[in-house]
Every structure is written in C-alpha cells, then in structure tokens.
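Mapping of the sequence shown onto full-length UniProt numbering: residues 1 to 168, in sequence order.
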Amino acid sequence: MGRDIAEWCKACLECQKNKIHRHTKSAIGDYPLPSCRFSHINVDVVGPLPTSCGFSYVLTCVYRFSRWPEAFPMVDQTAATIAETFFAGWISRFGVPECISADQGRSFESDLCHALMKFLGTEKLRTTAYNPASNGLVERFHRQLKQAIWCQATDKIRTMFPGYYDMS
C-alpha cells in the first residue's frame, strides 16, 4: 500500500511542477530562549491570490522561535483590515507579542498600525527596504502557501489568473 501511495504522489503532475526543492543545511548554533511564548513574530501580506469567499489577500504571521505559521484571509490589504485581522486572528489567540518584524509596506507604516503598536506596547521592527530576504521566515512561508494553493489549482483558476500560474 505504501508503494502505491508513493507512486500515486509521483504521478501527480501539478505537485511535481510546483514542488519546492530544498537542499540547504544550517549550521548548528546556540539560540537565546525567548522570554515568553510568541514574543517575537514576523508578519507580511501575500496577494492577490485567487479569490475565495471574497478573500484575495492573506495576512501571514510566523513565530520566530518555533517557526509556527498562521495565515488569516483578508478582503483587501488596507491598514484597517490588517489591524482588525491581526487583532482578531493573532492577538485573540496567542496574546500580544513583545516585538513584531514587518516590511516597509504602506499598510504596516500607516498611522493606524503605529497607533495600534503603541496602544499594545509592542515594538515594531522594520526590515530593509526592497529586500524580501530580510523577512525570510514569512517569505518562505509565502512560497509554501502559494505552492499548496497552486497544486490544487483547477483549470478554472488557471484561466482566471493566467499570469499567476507560472510562479517559477
């Protein structure tokens, strides 16, 4: 049975086209323990994606220590939507983080987001401009999320989003 499952997986053309090949090896190192759970997270927005139930953007949050990812659907990427989604999705479940790393996108640099961070007592760190690798944890999660979405892509989605299907 195991052999049959492996053969079936190898025969899935969509999975093979979108598979991520990783061959990186990290050095073993000492990492400082965080002061509390979910104390430092990385956040970003991915989209537009194929619309589902009116949602076409996703707020992604990744806890730095354990690399626990969370994805919250959004209808748009305005500062108000991001603040509401972050509060309802992350804070309501895991509490207020001590520190948040985000890129320098318009939504994260808005007065509303700065006011929310000040109200929560959270430090906001900005990543380097025009350098997605500086927020690598969440960008790697975006790649895996897109791969999962596009492996399930149907012909209808491909015709609706012809430019997005070729994401190599």
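Backbone N, C-alpha and C define an ideal beta-carbon position, used for all residues, glycine too.
key: Residue closest to Trp150, alpha-carbon to alpha-carbon, out of Ala115, Cys12 and Cys99   = When only C-alpha atoms are compared, the closest one is Cys12.
ask   = What is the DSSP secondary structure of Met74, reduced to helix, strand or coil?
value = Note: Met74 maps to strand in three-state DSSP.
Ala27 - DSSP class collapsed to helix/strand/coil = It is coil, neither helix nor strand.
ask   = For Tyr57, does the count of other Cβ atoms within 10 angstroms reach 16, so buried, or fall short, so exposed?
value = Result: buried.
Bridge partners - Glu123, DSSP secondary structure assignment = In DSSP, Glu123 forms a bridge with Cys99.
query = If you count every other CB in all the chains shown that lies within 10 Å of the CB of Tyr130, and 16 or more means buried, which is it?
reply = Flag for Tyr130 reads exposed.
query = Taking Cβ to Cβ, would you say Gly89 is nearer than 7 Å to Phe65?
reply = It is not a contact, given that the beta carbons lie outside the stated cut-off.
task = Kindly list the residues whose CB is nearer than 6 Å to the CB of Glu70, restricted to its own chain and excluding five residues on each side of it in sequence; keep chain order.
result = Same-chain partners within the cutoff: Cys61.
task = Identify which residue in Glu84, Gly136 and Gly95 has its Cα closest to the Cα of Ala115.
result = The shortest C-alpha separation from Ala115 is found at Glu84.
request  = Please look up how many angstroms separate the CB atoms of residue 222 and Val138, rounded, as I've assumed it's under 8 Å.
outcome  = In the structure as shown, the chain begins at 1 and stops at 168. Residue 222 is therefore absent and cannot be evaluated.
inquiry  = At the level of alpha carbons, what is the spacing between Lys124 and Ala102?
reply    = Their Cα atoms are separated by approximately 7 Å.
key: Coil, strand or helix - Pro69 by DSSP   = DSSP places Pro69 in strand when its eight states are reduced to three.
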